[in-house]
Amino acid sequence: MSARQFYLTVLIFSISMRVQKMPTIMASYLGKDSYLLVIVYYLVSFVLICLAFFVLKCMKLYKEASKNSNLSKFFKGLLLFFVSLYFIFLSTLLYESIQDLFAHVLFDNISWNLFSILLVVALFYMGLSGLKSIGRLMEMYFFVIIMSYFVIAIFGGMQTDFSAILPLETINFAKIFNEYIPFNIWFGDFMLILFLGNRSEGIKLKWTLLVYFISMAFTVLVTIEFFGIYDVYAAIQSSLISVITEMSMLGIDVGRVDWFLILFSEMGTIVCSGLCLCLAKECLSESLPKIKPNYILFVISVLLYLIDTQILVDTNAKEIVFLEILSYYAFYLKIIIFASILFISIVSWFKYRKRQGSELDLFGQSLQEKREVPAFSDSATMLAGSSHNEGSSGEPHKTNNLTLQKKSNSKKKKAKDKAVAK
Amino acid sequence: MGKEQKRVRKSDQIKGNAQKTNKKLQNSSSNKKNNKIKGKKLQNQPQTTQKNNKIDKKIENNQKNHNLVEIISNSFVDENRVNSSNFIINGEKISVFYVESLIDKQLLSSGLLAPLEKFVKNSIENVENSMKPEEKQSENVEKDMNVNEQQSDNEKNNTKNDKKSPENSENNTENDENLAKITKNNKINVENYTKNAENSTYSDENSDKNIENGDNIVEKTAENVKNNDDIVENLAEIIKKQIVSVSSVQEEYKPDKIIEAILSGSAVIVLKTKALIYPLYNPEKRAIQEPPTSRVVKGPREGFVEDIDINTALIRKRLKTIDLKIVEFLVGRRTKTKVSMFYLKDIAKSETIKKLKKQIKEIDIDAIIDSYYIESFLETNKFKFFRRVGNTEKPDIFCAKILEGRVGLLVDGSPVALTVPFMLFEDLQSADDYYNIPALATLTRMLRIVGLIFALLIPGIYVSLQSYNYRILPINFLITLLSSIEGLSIPPLIEILIVLFLFEIIMEASLRMPNSLGMALSIIGALALGNTAVDAGIISPPSIVVVAVSSVALYIIPDQISQTRLLRLLFTAIGGIIGLYGIVTSFIILSTYLVSITSYGVPYMTPFAPSVKSDKKDAFIKHSIEDMKTRPELIADKNKTRQGGDKSVG
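Printed below as a string of structure tokens:
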């Protein structure tokens, strides 16, 4: 994936995740203060993104060092297995929001179990095509998706009563921080950046932060609009994206031309779900190298279908329990993963430094030998060699041919300097 | 000839030596010792033995085709198309074979047949004039006989050597020496013949000189001619150098190749052991016209024709650079169709060239009738829904694509040229875009995109809105729609499919129907569809409007018409079954497929996915030619600058 594709993917992913069901669920816990929790999440995410970039740098720089260790291989495999589960859950969340939109809002009465197969096929095919194709898809759809989000935000803003989110003094900060954990699953950008960034080239922190800032601005804006429009009724809405423009369309369920915009934006959600599935496949195939990636993808797709049709059928107890489990799993997994990767990176870094040091000595010696053999007489070469060997313990050997020794010393010095520079 | 036949039967070792020497002697008067040494060396060098084998084959063929004239004549016994003219020169029968319908008749008569006739006439006159110095002739003939005897002795020696063993290298050397003598004599004959022929082909003004020279001809001929083979050899040289005024000539020994050349439109002079092929191919050709599929308001109106030579000239006319490389192939076991590959060697990707060459060489089919045959072999993927090879009928477009770093193909007999790599967006570009102001080009490109979406999705969206998602429609429009579909007994999907199929049938029929019936068909179609079906309550007016809009929009991108027609049916069916959700999901699947495929290593959706900033100057928003300073990023890998930069590299 190119850097451009990476930024676009991060932007669409971070918006698509948060404008679906998350605000309505948040509303049931925090009411109109939900947008503040969104801001808190984003602020935390900014820090996590910076850390993710540090980890990425470590992973890329010291990849060699961690390669040979069996322990790190096993640990990496285990870690990637759990990460893949996380991406499967993320994919499930997006899948569920697509289902909600099409099966409950846009369609009156359809057999989702049957219709869902087409979506699974689409996700499977995206996963099969790989990250490169998904990145290209994002590039292709970006303009349409972003424009539709933009128009949706304008339509929403036309009907918003911004005073509904006031007064600010009633904000219950303690409650906001207490509810931090249940919603962390919706903010999985750190993981995405970590694993997508590892497969992308030339990405930069400043651009990622800028993209993330745009995403934050948009998400906070539409969340405020959502609470501004629906106020206390926000909690009973199906999803933000499906209702935010409803009021600007005479408030009735007919003549909803804005549905075309929603459909375009939903294309982004489908591609993001495919992206999560693809990442899950990649992580699992690294964790289970003996199994063919396509088989893994097939199994994940079937699993996704089963979760969607058996657990996330409608808003009932099963779904709530599932989402809670998901949230806690995601929260602890993120902590564990981050700590593990950080630990691996630091250990690898130390290993790399250590090995680089030993390579440096060897390299310095071999380089010196190479240079001296054709340049000097046998005795001079031997002396230079011995002087080098002795050099580490103390003084260099004295020789009658001082000029030669001087030359050899200067050459050695140059070679060493070069190696250090390398 | 007999000697050579015997020599064929020699053991490989001796054959290697003798043939090497023979070849050497035929080409130049090389040193005997060298030949011997080289011959010995060749035995130990497998690489050079391949060369020897080639020579073997040539000689073998020469020997096997004892009388080529007879063989070729017999081959065309039942063939009325092939014409032939026979001449007898010095007692040797030579024939000229050609297919009249394929050949440049004027050049044939003035450059080939007339000079031959004249030569024959002159030769006869010369012989008649030189009848007096019979004694000299007889003496010379006697000398020749002696030489012939020597040759036969040598031959005998050769045969003996064969029988003895390959170890008799000394005998071989003797043979080589003898061969050298023979060849030397041959050479003298050729020289004399040439000199004499020069004199003999002079005009009437020099008739006196000719008479004198005529004496010399016969005299020296009788002096030097050793056997029939020599005569043939000399005749061939004379015909080539002195008689026939057509400069392009090729010698051939194999009968199948000779027959192939005759059938492909060459005039072939067949001698006893060899044939001279003159490419005089010039069949009836279509004039250069504007191609019907890509008409332009401005810009050049030339189009390719079916003749590959004319097409090549049209390209050469535009690309006067030494970097333009043309590689020719003969494809098709029976048709032997000429396929030419064009590329600019300092721009085109070497991987693309290599891959294309390999693919063309690997084509194993009996006939190549049109460039489409080649196209299907170039598309390596199994699922060939979207074409990955571009085509054009205009030389200006072809040259522009070559200049971008693409590789082009011309197929003899087809006015459609092929180009690779190909991207989907090329079909949205038109020649007019480059000869108009960029703003207009931008507008027309936008229209094409909208047209493509209309053609592809409108029927599907209509069906899905009517079946499932009618709430999306504005109320007023919904009321109008509902009133117009009132009383309709069939479901929307079936209704639209009926209209679509009817349209497809009418379109198919109108393409194949005589022009005189076209109007009648239109009336029947319009009445049957427009009025009767609506009045009967089978279909509704909105569905006709939707299909009509979609069908008109199909033709906005004529090169993608087949794909769009099929996809339209698919999206209509999905829209009718699953609604908008189905259309969105299947559109994503289609997009995923499109972004994942490549054409010769270049992503199919370039310059949008992946996004290539510099290439977007010639995408939706068309920039002026002045702004397009570089060639497409992913197509050319060398010399990417079009404007400025190093002027020496074009």
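Chains as they are written, first to last, in this note's numbering: chain G, 9 to 430; chain S, 18 to 667. Idealized CB from N, CA, C, for every residue including glycine.
Secondary structure of residue i, DSSP reduced to three states
i              : result
L427 (chain S) : strand
S24 (chain G)  : helix
Q373 (chain G) : Low local confidence applies: a pLDDT of 41 at Q373 (chain G) is under 50, so the model's placement there is unreliable, with the coordinate-based value given in what follows. Reduced to three states, the DSSP call for Q373 (chain G) is helix.
E319 (chain S) : coil
G407 (chain S) : strand
T609 (chain S) : helix
L293 (chain S) : strand
S102 (chain S) : strand
P382 (chain G) : Because P382 (chain G) carries a pLDDT of 37, less than 50, the predicted location of this residue cannot be relied on, and the following value inherits that uncertainty. If DSSP states are grouped into helix, strand and coil, P382 (chain G) belongs with the helices.
T615 (chain S) : strand
L200 (chain G) : helix
K212 (chain G) : coil
Y298 (chain S) : strand
E512 (chain S) : helix
T2 (chain G)   : Here chain G covers residues 9 to 430 and nothing more, so residue 2 (chain G) does not appear.
D450 (chain S) : helix
M9 (chain G)   : coil
T168 (chain G) : coil
P575 (chain S) : helix
Enclosing beta strand (DSSP E) for residue i [first to last residue]
i              : result
A284 (chain S) : A284 to V287
M358 (chain S) : T354 to L361
F346 (chain S) : L341 to V348
S112 (chain S) : E109 to V116
T459 (chain S) : Looking at the DSSP string, T459 (chain S) is not in any beta strand (DSSP E); the run it does join, the alpha helix (DSSP H), is P455 to S484.
E268 (chain S) : Q267 to E269
L336 (chain S) : Unbroken run through L336 (chain S): none, as it is neither H nor E.
L435 (chain S) : A434 to V437
Expected contact under 8 Å - CB spacing of residue i and residue j to nearest Å
i              : j              : result
P412 (chain S) : I260 (chain S) : No, P412 (chain S) and I260 (chain S) are not in contact; Cβ-Cβ is about 38 Å, not under 8 Å.
F339 (chain G) : N206 (chain G) : About 22 Å; that fails the 8 Å criterion.
L285 (chain G) : S99 (chain G)  : 5 Å
V18 (chain G)  : T227 (chain G) : Not confirmed; about 13 Å, so no contact.
I478 (chain S) : G592 (chain S) : 6 Å
I304 (chain G) : L292 (chain G) : 5 Å
Nearest-angstrom Cα separation, counted from residue j out to residue i
i              : j              : result
A11 (chain G)  : V612 (chain S) : 17 Å
I118 (chain G) : G596 (chain S) : 10 Å
D383 (chain S) : A292 (chain S) : 26 Å
A448 (chain S) : K378 (chain S) : 32 Å
T352 (chain S) : I294 (chain S) : 19 Å
G407 (chain S) : V329 (chain G) : 56 Å
P438 (chain S) : K418 (chain S) : 10 Å
T338 (chain S) : T310 (chain S) : 29 Å
G56 (chain S)  : S126 (chain S) : Low confidence applies to G56 (chain S): its pLDDT is 40, below 50, so where it sits in the model is not reliable, and the reading given next is rough at best. Rounded to whole angstroms, G56 (chain S) to S126 (chain S) spans 46 Å at the Cα level.
I470 (chain S) : F185 (chain G) : 48 Å
I205 (chain S) : G108 (chain S) : Note that I205 (chain S) has pLDDT 41, beneath the 50 cutoff, so the model's placement of it is unreliable and no number is given.
L331 (chain G) : L311 (chain G) : 16 Å
L56 (chain G)  : F62 (chain G)  : 10 Å
S557 (chain S) : Y572 (chain S) : 24 Å
K342 (chain G) : F403 (chain S) : 44 Å
D654 (chain S) : P624 (chain S) : 16 Å
A278 (chain S) : I286 (chain S) : 11 Å
I333 (chain G) : K183 (chain G) : 20 Å
Where the alpha helix (DSSP H) containing residue i begins and where it ends
i              : result
S500 (chain S) : I492 to S501
Q306 (chain S) : Counting along the chain, Q306 (chain S) falls outside any alpha helix (DSSP H), and DSSP gives it neither H nor E.
E396 (chain S) : Here E396 (chain S) belongs to no alpha helix (DSSP H), and DSSP marks it neither H nor E.
W194 (chain G) : Looking at the DSSP string, W194 (chain G) is not in any alpha helix (DSSP H), and its letter there is neither H nor E.
P301 (chain G) : P301 to L314
P559 (chain S) : P558 to L571
S262 (chain S) : Counting along the chain, S262 (chain S) falls outside any alpha helix (DSSP H), and DSSP gives it neither H nor E.
D273 (chain S) : P272 to L280
Closer than 8 Å to chain C by CB, residue i
i              : result
R462 (chain S) : Absent from the structure is chain C; the protein chains it does hold are G and S.
- Item | Completely contained beta strand (DSSP E) runs for the segment 100 to 155 of chain G, where each covers 3 or more residues | none
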